[in-house]
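Report on one structure; see the data block that follows.
Numbering (our numbering), first residue to last: 5 to 103.
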């Protein structure tokens with residue numbers, strides 16, 4: 005097994021107590037995943053080191069976009085969330101390894 009350089013985390017990041025309202029993560033500083041932006045200009049200003057193909061950015065008052073090409077400028081397409089039963093079954097099979 006190869007060592008991974010960086011800050012190693014041996015447990016989930018958690019608040020000190022269940023009453024602590026301070027967040028454990030700010031999406032603006034993560035890489036990929038789901039993010040929020042106030043405009044398409046803010047969305048397009050996400051640094052390339054924080055971009056990942058497939059990430060979704062919800063633009064307030066507009067719609068959500070999926071990253072298709074990492075870069076400066078990045079390329080986006082409108083995100084089309086699916087809730088069809090066939091797709092849900094495929095996700096369940098992939099996540100839970102159901103046969």
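Glycine residues also receive a C-beta, built at the ideal position from the N, C-alpha and C atoms. Given the structure is predicted, the values throughout are model-derived calculations rather than measurements.
Item to check | Buried or exposed by the 16-neighbour rule on C-beta atoms within 10 Å, applied to residue 5 | outcome: exposed
Checklist entry - If you scan the stretch 39–82 from start to end, which runs of the alpha helix (DSSP H) of 4 or more residues do you find wholly inside it? => result 44–48
Checklist entry - Is the number of C-beta pairs between the stretch 62–70 and the stretch 32–46 that are closer than 8 Å three or more? => result As far as the Cβ criterion goes, the stretch 62–70 touches the stretch 32–46, which means the pair count is three or higher.
Next on the checklist: Quick check on residue 26: does DSSP put it in helix, strand or coil?
Outcome noted: coil
Item to check | Separation of residue 29 from residue 83, as counted between CA atoms | outcome: 24 Å
Checklist entry - Run through DSSP, which three-state label would residue 31 get? => result Helix.
Next on the checklist: Using only the alpha-carbon positions, how far apart do residue 7 and residue 34 sit?
Outcome noted: Spanning the two alpha carbons is a distance of roughly 22 Å.
Checklist entry - So residue 57 and residue 68 are in contact, right, with Cβ under 8 Å, and what is the actual spacing, rounded? => result About 15 Å separates the two Cβ atoms, so there is no contact after all.
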